[in-house]
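Below is one structure; the comments refer to it alone.
Numbering (the UniProt record's numbering), first residue to last: 1 to 153.
Shown next as C-alpha coordinates:
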(Lines of atoms letter the chains of each structure in order from A and count residues from 1; the text may use other names and numbers.)
(Lines give C-alpha, C1' and ligand atoms only; values in the text may rest on other atoms or scores of the structure.)
Protein backbone atom coordinates (compact mmCIF):
# COMPACT_ATOMS: atom_id res chain seq x y z
CA UNK A 1 0.00 0.00 0.00
CA UNK A 2 1.45 3.38 -1.00
CA UNK A 3 0.71 6.71 0.64
CA UNK A 4 0.14 9.59 -1.77
CA UNK A 5 1.18 13.19 -1.20
CA UNK A 6 -2.48 14.01 -0.52
CA UNK A 7 -2.45 11.81 2.58
CA UNK A 8 -4.41 8.97 1.02
CA UNK A 9 -3.61 5.30 0.53
CA UNK A 10 -3.81 3.74 -2.91
CA UNK A 11 -5.30 0.38 -1.97
CA UNK A 12 -4.91 -1.41 -5.29
CA UNK A 13 -1.82 0.37 -6.59
CA UNK A 14 -1.11 1.12 -10.20
CA UNK A 15 -3.76 2.75 -12.34
CA UNK A 16 -6.84 1.57 -10.45
CA UNK A 17 -7.00 4.86 -8.55
CA UNK A 18 -9.13 3.65 -5.65
CA UNK A 19 -8.18 5.98 -2.83
CA UNK A 20 -9.46 6.10 0.69
CA UNK A 21 -8.83 9.11 2.89
CA UNK A 22 -7.38 7.75 6.10
CA UNK A 23 -8.20 10.95 8.00
CA UNK A 24 -11.95 10.45 7.70
CA UNK A 25 -12.26 6.76 8.54
CA UNK A 26 -9.57 6.63 11.20
CA UNK A 27 -10.17 9.79 13.19
CA UNK A 28 -13.04 11.68 14.68
CA UNK A 29 -13.39 15.42 14.98
CA UNK A 30 -12.53 16.78 18.43
CA UNK A 31 -15.04 18.56 20.66
CA UNK A 32 -12.90 21.69 20.32
CA UNK A 33 -13.22 21.62 16.53
CA UNK A 34 -16.96 20.96 16.72
CA UNK A 35 -17.35 23.95 19.06
CA UNK A 36 -15.28 26.00 16.59
CA UNK A 37 -17.76 25.04 13.84
CA UNK A 38 -20.70 26.29 15.93
CA UNK A 39 -18.74 29.39 16.90
CA UNK A 40 -18.04 30.16 13.23
CA UNK A 41 -21.80 30.17 12.60
CA UNK A 42 -22.46 32.44 15.59
CA UNK A 43 -19.70 34.83 14.47
CA UNK A 44 -21.20 34.99 10.97
CA UNK A 45 -24.48 36.28 12.42
CA UNK A 46 -22.71 39.60 13.02
CA UNK A 47 -19.85 39.54 10.48
CA UNK A 48 -22.05 38.37 7.59
CA UNK A 49 -19.16 36.24 6.34
CA UNK A 50 -20.38 32.66 6.08
CA UNK A 51 -17.70 31.35 3.70
CA UNK A 52 -15.86 29.22 6.27
CA UNK A 53 -18.80 27.65 8.11
CA UNK A 54 -18.62 23.86 7.78
CA UNK A 55 -22.23 23.15 6.79
CA UNK A 56 -23.31 19.74 5.55
CA UNK A 57 -24.92 20.27 2.11
CA UNK A 58 -28.39 19.36 3.43
CA UNK A 59 -28.13 21.39 6.66
CA UNK A 60 -31.42 22.81 7.94
CA UNK A 61 -32.23 25.36 10.62
CA UNK A 62 -35.34 25.69 12.77
CA UNK A 63 -36.13 28.81 14.77
CA UNK A 64 -38.93 28.58 17.34
CA UNK A 65 -40.26 25.56 15.44
CA UNK A 66 -40.25 27.14 11.96
CA UNK A 67 -37.86 26.02 9.24
CA UNK A 68 -35.69 29.06 8.43
CA UNK A 69 -32.73 27.36 6.73
CA UNK A 70 -33.20 24.91 3.87
CA UNK A 71 -29.65 23.97 2.79
CA UNK A 72 -26.02 24.95 3.25
CA UNK A 73 -26.23 27.28 0.26
CA UNK A 74 -29.41 28.91 1.54
CA UNK A 75 -27.93 29.42 5.00
CA UNK A 76 -24.75 30.95 3.55
CA UNK A 77 -26.75 33.34 1.34
CA UNK A 78 -29.01 34.33 4.24
CA UNK A 79 -26.12 34.99 6.62
CA UNK A 80 -24.26 37.00 3.99
CA UNK A 81 -27.10 39.06 2.52
CA UNK A 82 -30.30 38.40 4.46
CA UNK A 83 -31.98 41.49 5.91
CA UNK A 84 -32.88 39.54 9.06
CA UNK A 85 -29.16 39.32 9.87
CA UNK A 86 -28.11 42.82 8.78
CA UNK A 87 -29.58 44.31 11.97
CA UNK A 88 -27.20 42.26 14.14
CA UNK A 89 -24.29 44.30 15.52
CA UNK A 90 -22.61 41.65 17.69
CA UNK A 91 -22.89 38.28 19.38
CA UNK A 92 -21.68 38.19 22.98
CA UNK A 93 -21.67 36.08 26.15
CA UNK A 94 -21.02 32.81 24.29
CA UNK A 95 -20.94 29.52 26.17
CA UNK A 96 -20.72 26.03 24.69
CA UNK A 97 -21.00 22.45 25.82
CA UNK A 98 -20.97 19.17 23.94
CA UNK A 99 -23.38 16.29 24.55
CA UNK A 100 -23.01 13.38 22.16
CA UNK A 101 -23.32 14.65 18.60
CA UNK A 102 -24.80 17.97 19.72
CA UNK A 103 -23.06 21.24 20.50
CA UNK A 104 -25.20 23.48 22.70
CA UNK A 105 -24.52 27.21 22.59
CA UNK A 106 -25.99 30.11 24.51
CA UNK A 107 -25.23 33.68 23.53
CA UNK A 108 -26.68 37.16 23.25
CA UNK A 109 -27.46 38.80 19.93
CA UNK A 110 -27.02 42.56 20.12
CA UNK A 111 -28.91 44.44 17.41
CA UNK A 112 -28.37 47.91 15.98
CA UNK A 113 -31.91 48.86 17.02
CA UNK A 114 -32.85 50.89 20.09
CA UNK A 115 -36.23 51.42 21.73
CA UNK A 116 -36.70 54.20 24.29
CA UNK A 117 -32.95 54.47 24.74
CA UNK A 118 -32.49 50.73 25.29
CA UNK A 119 -30.74 48.29 23.01
CA UNK A 120 -32.80 45.48 21.49
CA UNK A 121 -31.09 42.15 22.25
CA UNK A 122 -32.02 38.49 22.14
CA UNK A 123 -30.90 35.68 24.40
CA UNK A 124 -30.35 32.65 22.19
CA UNK A 125 -30.11 28.93 22.96
CA UNK A 126 -28.95 27.11 19.86
CA UNK A 127 -28.33 23.40 19.40
CA UNK A 128 -26.13 22.24 16.54
CA UNK A 129 -26.03 18.65 15.31
CA UNK A 130 -22.32 18.23 14.53
CA UNK A 131 -21.36 14.54 14.53
CA UNK A 132 -17.79 13.75 15.54
CA UNK A 133 -17.63 11.52 12.47
CA UNK A 134 -17.50 14.46 10.04
CA UNK A 135 -17.49 17.76 11.99
CA UNK A 136 -20.13 19.32 9.72
CA UNK A 137 -23.22 21.19 10.89
CA UNK A 138 -26.22 19.08 9.86
CA UNK A 139 -29.03 20.71 11.84
CA UNK A 140 -29.53 23.87 13.89
CA UNK A 141 -32.34 24.45 16.38
CA UNK A 142 -32.72 27.95 17.84
CA UNK A 143 -34.76 29.29 20.75
CA UNK A 144 -34.80 33.08 20.98
CA UNK A 145 -35.96 35.35 23.80
CA UNK A 146 -36.02 39.06 22.83
CA UNK A 147 -35.26 41.67 25.49
CA UNK A 148 -34.33 45.31 25.98
CA UNK A 149 -31.02 46.13 27.61
CA UNK A 150 -30.05 49.37 29.25
CA UNK A 151 -26.87 50.68 27.68
CA UNK A 152 -24.22 52.11 29.95
CA UNK A 153 -22.76 55.29 28.50
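Don't be surprised by glycine CBs; every beta carbon is placed ideally from N, CA and C.
Quiz item: With 16 as the cutoff for other CB atoms within 10 Å, does residue 151 come out buried or exposed?
Solution: Position 151 of the chain shown, counting from 1, holds the residue named residue 151. The residue is exposed, with fewer than 16 neighbouring Cβ atoms inside 10 Å.
Quiz item: Just the Cα atoms here: how many angstroms apart are residue 71 and residue 80?
Solution: Counting from 1 along the chain shown, the entry for residue 71 is found at position 71. Counting from 1 along the chain shown, the entry for residue 80 is found at position 80. Using only the alpha carbons, I get a separation of about 14 Å.
Quiz item: Which whole runs of the alpha helix (DSSP H) in the UniProt domain "DUF8021" (30-143) are 4 residues long or more, in chain order?
Solution: 31-47, 72-81 and 83-86
Practice problem: Count the other CB atoms, across all protein chains shown, that sit within 10 Å of the CB of residue 91; report buried if there are 16 or more and exposed otherwise. | Solution: As a position in the chain shown, residue 91 is number 91, starting the count at 1. Per the 10 Å Cβ criterion, buried.
Quiz item: Just checking, does the region 111-118 make contact with the region 57-69 on the three C-beta pairs under 8 Å criterion?
Solution: With the rule of 3 Cβ pairs closer than 8 Å, the region 111-118 does not count as touching the region 57-69.
Quiz prompt | Selected residue, minimal CA-CA separation from residue 105, among 50, 118, 51 and 43 | solution = By one-based count along the chain shown, residue 105 stands at place 105. Selection 50, 118, 51 and 43 evaluated against residue 105 yields 43 as nearest (Cα-Cα).
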